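Number of protein chains: 2
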Amino acid sequence: MAYRETEKMRTRKAQVRQRILDCAFACVRQGGFQSAQVTQVAASAEVATGTIYRHFESKEALFAEVFRIATQREVDKVAEALATPGKAPDRLATALALFAARAMRGPTMAWALIAEPIAPKVEEERLIYRKAYAEQFERAIMDGVAEGSLPAQDARLTSTCLVGAIAESLVGPLSPTQQASNPLPDDLKQQLIDQIVGFCIQGLTGARR
Amino acid sequence: MAYRETEKMRTRKAQVRQRILDCAFACVRQGGFQSAQVTQVAASAEVATGTIYRHFESKEALFAEVFRIATQREVDKVAEALATPGKAPDRLATALALFAARAMRGPTMAWALIAEPIAPKVEEERLIYRKAYAEQFERAIMDGVAEGSLPAQDARLTSTCLVGAIAESLVGPLSPTQQASNPLPDDLKQQLIDQIVGFCIQGLTGARR
DNA sequence: ATAACAAGTGAATCACGATTCAGTTTTTGT
DNA sequence: ACAAAAACTGAATCGTGATTCACTTGTTAT
Chain A
-4 MAYRETEKMR TRKAQVRQRI LDCAFACVRQ GGFQSAQVTQ VAASAEVATG TIYRHFESKE
56 ALFAEVFRIA TQREVDKVAE ALATPGKAPD RLATALALFA ARAMRGPTMA WALIAEPIAP
116 KVEEERLIYR KAYAEQFERA IMDGVAEGSL PAQDARLTST CLVGAIAESL VGPLSPTQQA
176 SNPLPDDLKQ QLIDQIVGFC IQGLTGARR
Chain B
-4 MAYRETEKMR TRKAQVRQRI LDCAFACVRQ GGFQSAQVTQ VAASAEVATG TIYRHFESKE
56 ALFAEVFRIA TQREVDKVAE ALATPGKAPD RLATALALFA ARAMRGPTMA WALIAEPIAP
116 KVEEERLIYR KAYAEQFERA IMDGVAEGSL PAQDARLTST CLVGAIAESL VGPLSPTQQA
176 SNPLPDDLKQ QLIDQIVGFC IQGLTGARR
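Taken in order, these protein sequences are the chains called A and B.
Quick note on the numbering used here: the first sequence kicks off at -4 and runs consecutively.
Quick note on the numbering used here: the second sequence kicks off at -4 and runs consecutively.
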């Protein structure tokens, strides 16, 4: 008898797996899921195509995991912003601005997470992602209603409207293509974000801040 | 010498072309652009695959035209709703409700027009479509600002937020898949639409209607 | 050193759908 | 009826990219 899996090997395997994940992530960040090819991921991770399949069930499985990781990051950031002390409208404004700013900094990834059409298995992850967001915003909105800083409303619905308004105004008409060609200067970006957040908060509170 | 193109033939050709367009339209309505295959369109129009290429440059060209037609229909409806007499907020509320109701009645098509990712040539059409919408809503918002029924704002941006909020709340989380499996009863649909429009108008005016 | 097994390789294969095109049918004017 | 010109047909081809697998290399225990 011989070869027994050892700690060293387990570590090395995990590293390769991680490198593949990182490279896949980079591919998506750069060109979205559409342009993410197994061959490219393999090349940039410096492994053979076949190796990908030693670490992941399929392309879909790999990218589902990439999606999950990217998503978790964003949701955590939003959760963090919402966890600060203060009245609900202020916390929401902060979180929305953060969400918008991050989407703007990485529009391709934002588009990929929010709207880009993808394989069913990845789409499932998107549902989870959306639910996670909805829950964050919903909770804050419900806090606001409870403390009287927001009028009564269907928190689930309005949280969805928030995400839609931001997503569309950031990655819709000012779409991926345009983003690459004409990057806005920072001050205009900030102004745009302020306006979008203004609209959203007004939609929630019925009043200008 | 012989065959000279005759009126009869020109008509017949136009009919075939139209039948292909109609069937392609039906395909998109049913399954979005993603699932629209040339072979299927041909089959349902009862022509050979090759015939499609006698009438259209390419698959992209065919679907670009389908997109244009579907789009024009929607934009016309919105334009009509906005053309009624009255104060801007009321006209906008009517138009938004109409937009939402139509999207809800045909969610797959709505998704295809608003957000489904597609070939570049079709994407170009989408840009035109979005501009057409933006122009309609923008004009109404600017009317409102002028007549004092809306506070000063960046009409372009807010009109985009409107579309995003509606699109996301109708075809996002309550996505194509879900729509098929659990169709809402009419009264709840109406209620949902009212709430969405409420959020939007509040976002514009800063006040409940 | 060697046996036993796992991990890695990448060219070959497969899947899928758009597109082509040689052959067939239809239409038209004489 | 016939020849010229389209229009139609659909099986074959092509392109693209995921997936496989026979083979090579690396690792471990004896």
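Note that CB positions come from ideal geometry on N, CA and C, so glycine has one too.
Keep in mind that this is a model prediction, so the values were computed, not measured.
Taken in chain order, the unbroken stretches of alpha helix (DSSP H) that lie wholly in the stretch 110 to 162 of chain A and span 4 residues or more are 115 to 142. One finds Pro112 in chain B with Cβ atoms closer than 7 Å to the Cβ of glutamate 111 (chain A), taken in chain order. Put simply, of A:Arg24, A:Gln32, A:Glu119 and A:Glu41 the residue whose alpha carbon is nearest the alpha carbon of arginine 12 (chain A) is A:Glu41.
In the DSSP assignment, proline 180 (chain A) falls outside any alpha helix (DSSP H) and carries neither an H nor an E. Residues of the same chain with a CB within less than 6 Å of the CB of threonine 46 (chain A), apart from the 5 flanking positions on each side, do not exist. If you ignore the 5 residues before and after isoleucine 136 (chain A), its C-beta comes within less than 8 Å of the C-beta of Ala83, Leu87, Leu145, Gln148, Ala150, Thr153, Ser154 and Leu199, all in its own chain and listed in chain order. Ranked by how close their Cα comes to the Cα of alanine 162 (chain A), the residues A:Asp181, A:Leu183, A:Lys3 and A:Leu93 have A:Leu93 in first place. A contact is defined here as three or more CB-CB pairs under 8 Å, and the stretch 23 to 36 of chain B meets this definition with respect to the stretch 106 to 115 of chain B. DSSP, reduced to helix, strand and coil, places serine 39 (chain B) within a helical segment of the structure shown.
Of the candidates B:Ile113, B:Glu120 and B:Ile191, the residue whose Cα lies closest to the Cα of glutamine 67 (chain B) is B:Glu120. At a Cβ-Cβ threshold of 8 Å, alanine 114 (chain B) and isoleucine 188 (chain B) do not count as neighbours. Closer than 8 Å to the CB of serine 144 (chain A) there is not a single CB belonging to chain B. For the pair glutamine 197 (chain B) and glycine 201 (chain A), the CB atoms are nearer than the 8 Å cut-off.
Rounded to the nearest whole angstrom, the CA to CA distance from proline 180 (chain B) to lysine 3 (chain B) is 48 Å. Neighbours of valine 158 (chain B) in chain A, taken as residues at a C-beta separation under 7 Å, are given in chain order as Glu163.
Counting along the chain, proline 84 (chain B) sits inside the alpha helix (DSSP H) bounded by residues 83 to 100.
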